[in-house]
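Take a look at the structure set out below.
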Amino acid sequence: MPSRQLGPFKVSAIGLGCMNICHAYGVPVSELQAERLLLAALDAGVSHFDTAALYGFGASETMVGKVLGPHRGKFTLASKCGMQGVDVAGDGKRVRVIDGRPETLKATCEAALKRLRTDVIDLYYLHRWDKQVPIEDSVGALADLVRVGKIRAIGLSEVSATTLRRAHAVHPIAALQTEYSLWTRNPEIAVLQACRELGVSFVAFSPVARGFLCGPLDVNAFDAKDIRRTMPRFTPANHARNQALLPPFNAIASEVGCTPSQLAIAWLLHQGDDILPIPGTTNVEHLLDDLGAANVRLSPEVLARLDALINQNTVSGDRYSDQANREVDTEVFERA
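This note's numbering applies: residue 597 is where the sequence shown begins, and numbers increase by one.
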């Protein structure tokens, strides 16, 4: 597995996003299946594992700690705070809450360290900027965690170039994470350039477009708790229009001699050595397929064809609902 720089850490060019094992796409997988997946990734050379307090309301961190804890020296561990499950009503049912207050971030870190079975988290992201709290205050709290040795580096997720610059003035930001793929080009508006000016690594989640670029999806068969049910691109009408992009995309994959998922991830890897995709899956076969993208080489002509085929002007539907869009701080393209 080739390596890339993630802030101060040298890691595998492709990491593993650990949301899928217990969160967001319906019924969580069994503990045995999650264990097999995590160990298969480690055995295949993955040295960058990304989780969060939000995922499964702590279940993902717990599983990562249980399975990978004995191998702690072999990988870079990334997690997130600032968005987690909270029992707001006092009825035992947790709901997602964005809370960037310094005291909350520090308490979340302490709980994460226990779940992850480690004494330090290598890269700790602010999962969402809580717009009720100045970004300087939230990053200042994370800087305190660096100073006391609880975390090694600070990251931000789903923020704009302007917010990144404000945060970086408080404490160096090692990495910025947001959605980036052929069908989500928002980082190209401004934040990628800001990352490069500041020396910030860019971590791309959902590199295969939440499964869309892997092959045919039946949106009507999505589990009731599948987050894609809330996303405009997966409404029946938009999905039907977007489906027209797949035959020519799959044809390019065949020409290159790779699978569609490998083509999608390889495109990202070709956007710059500072970009680190973190595909997520629950299937070992799919994992190994994704990792094969590290060895796919794309010509300038193929890259140009892909850029022309799938971009912000050819994809139907926004990436998030209006509510979810209000929760993030990323730049958006003007609607035609």
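Yeah, the Cβ is synthetic: ideal placement off N, Cα and C, and Gly gets one too.
Since the model is a prediction, treat every value here as computed from it, not as a measurement.
Item, Value
"Let me know the secondary structure DSSP gives residue 679 once reduced to three states.", "strand"
"So which of 780, 690, 708 and 722 has the shortest CA-CA distance to residue 802?", "780"
"Taking the C-alpha atoms as reference points, what is the distance between residue 729 and residue 697?", "6 Å"
"Could you pull the start and end residues of the alpha helix (DSSP H) that residue 845 belongs to?", "842-852"
"Is the distance from the Cβ of residue 763 to the Cβ of residue 604 below 8 Å?", "no"
"Considering only DSSP beta bridges, list what residue 599 is partnered with.", "608"
"Who are residue 773's beta bridge partners in DSSP?", "753 and 799"
"Tell me, please, whether the region 808-815 touches the region 832-841 by the rule of three or more beta-carbon pairs shorter than 8 Å.", "yes"
"Residues in the same chain with beta-carbon distance under 7 Å from residue 752, minus the five sequence neighbours each way, listed in chain order, please.", "721, 722, 760, 763, 769 and 772"
"Taking the beta strand (DSSP E) that residue 646 falls in, what are its first and last residues?", "644-646"
"Determine contact between the region 905-925 and the region 824-832, defined as no fewer than three beta-carbon pairs at a distance below 8 Å.", "yes"
"Counting Cβ pairs, one atom from each stretch, are 3 or more of them under 8 Å apart for the region 630-637 and the region 660-680?", "yes"
"Starting from residue 691, trace the beta strand (DSSP E) in both directions and tell me its first and last residue.", "691-694"
"In chain order, which beta strand (DSSP E) runs of at least 3 residues are fully inside the region 857-906?", "871-873"
"DSSP puts residue 916 in a beta bridge; with which residues?", "Paired residues: none, contrary to the question."
"In terms of residue numbering, what span does the alpha helix (DSSP H) encompassing residue 650 cover?", "Here residue 650 belongs to no alpha helix (DSSP H), and DSSP marks it neither H nor E."
"Would you identify the three-state DSSP class for residue 819, choosing helix, strand or coil?", "coil"
"Rounded to a whole number of angstroms, what is the C-alpha to C-alpha distance between residue 789 and residue 775?", "15 Å"
"Closer than 6 Å by C-beta to residue 747: which residues in its own chain qualify, once you throw out the five before and the five after it? Chain order, please.", "717, 720 and 741"
"Going along the chain, which residues of its own chain have a beta-carbon closer than 6 Å to the beta-carbon of residue 786, five neighbours each way excluded?", "757 and 927"
"Taking 8 Å as the threshold (C-beta atoms), are residue 905 and residue 856 in contact?", "no"
"Identify the continuous alpha helix (DSSP H) that holds residue 628 and give its terminal residues.", "627-639"
"Helix, strand or coil, according to DSSP, for residue 940 in the structure here?", "The shown model of the chain, from 597 to 932, leaves out residue 940, and the question about it has no answer."
"Could you spell out where the alpha helix (DSSP H) holding residue 731 opens and where it closes?", "731-743"
"Quick check on the DSSP output: the beta strand (DSSP E) that includes residue 722 runs from which residue to which?", "717-722"
"Determine the extent of the alpha helix (DSSP H) in which residue 837 is found, giving its start and end residues.", "832-839"
"How many Å lie between residue 822 and residue 674 at the Cα?", "24 Å"
"Count the other CB atoms within 10 Å of the CB of residue 701; is the residue buried (16 or more) or exposed (fewer)?", "buried"
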